[in-house]
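In the numbering used here, the protein residues as written are 1 to 215.
By construction, the Cβ of each residue, glycine as well, lies at the ideal position given by its N, Cα and C atoms.
These numbers were taken from a predicted model, which means no experiment stands behind them.
Quick notes on the structure that follows.
Structure, rendered in structure tokens:
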């Protein structure tokens, strides 16, 4: 099960998610912040509800679930808004802070947590563990991340190197910042090493029989 396996891995690499406060979200789609998921149609079992804006709405949304999703891409910040929406990025706060009294919507997946309000993001920072070891993730090739063809393929980086061993492939990835290489797919038959920005399999590699390892 894709969601179970990845949630387990994420829980081990994210050390803390302190709240940063309540921030405004621009009403117009143009030049919004928190667009790290822009262009993705699906992330694991979850649809990215508005791929043009990088917003996903899930019926079980909580602060923890949004953190798990954003950790797949190694993002530093995430925001929850309007009870069920989640978005991520490496920067935030372009439109300033909002009054804390504006934050009164409970998360639909956990009523004990606050999930912002309309056009108001409860902002959090993901602090990752320093351990950059890899975990082997079986059976993920059948559950790829789907990329909306209408948006740039660069949303998921697929840098390929001619690493002739799995160890070399992992070391090549480890030399990059976590945000640039979350995982690798190593195809032993062709000695191909795919370095992935998201810790999940892109659609075009969904039929691969390679080994998938995530940080």
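Worksheet item: Distance, Cα to Cα, residue 166 vs residue 107?
Response: In the chain shown, the residue the question calls residue 166 occupies position 166. In the chain shown, the residue the question calls residue 107 occupies position 107. Their backbone Cα atoms lie some 41 Å apart in a straight line.
Worksheet entry | residue 125 versus 102, 116 and 70, residue with shortest Cα-Cα distance | Residue numbering aside, residue 125 sits at position 125 when the chain shown is read from its first letter. For the residues 102, 116 and 70, the minimum Cα distance to residue 125 belongs to 70.
Worksheet item: By Cβ distance below 8 Å, which residues in the same chain neighbour residue 35 in space, the five residues on each side in sequence not counted?
Response: Working through the chain shown from its first residue, we reach residue 35 at position 35. Around residue 35: 53, 54, 87 and 89.
Worksheet item: Buried or exposed: residue 226, going by 16 or more other Cβ atoms within 10 Å of its Cβ?
Response: The chain is shown only over 1 to 215; residue 226 falls outside these bounds and no answer can be derived.
Discussion item. How far does the alpha helix (DSSP H) with residue 34 in it extend, from its first residue to its last?
Written reply: By 1-based counting over the chain shown, the position of residue 34 is 34. Premise fails: residue 34 is in no alpha helix (DSSP H) and is neither H nor E.
Practice prompt. In angstroms with no decimal places, state the Cα-to-Cα distance between residue 113 and residue 94.
Written response: Mapped onto the chain shown, residue 113 falls at position 113. Mapped onto the chain shown, residue 94 falls at position 94. Straight-line Cα distance between these residues: approximately 24 Å.
Item to complete: Would you kindly report the start and end of the unbroken beta strand (DSSP E) that includes residue 89?
Response: Here the question's residue 89 lines up with position 89 in the chain shown. First-last of the beta strand (DSSP E) with residue 89: 85-89.
Worksheet item: Rounded C-beta distance between residue 77 and residue 123? I'm assuming under 8 Å.
Response: Along the chain shown, read from residue 1 onward, the residue named residue 77 stands at position 77. Along the chain shown, read from residue 1 onward, the residue named residue 123 stands at position 123. Right, the Cβ-Cβ distance comes to about 6 Å (below 8 Å), so this counts as a contact.
Item to complete: Starting from the C-beta of residue 100, find all residues in its chain whose C-beta is less than 7 Å away, skip the five residues before and the five after it, and write them out in chain order.
Response: Looking up residue 100 in the chain shown gives position 100. Cβ neighbours of residue 100 beyond the five flanking positions: 22.
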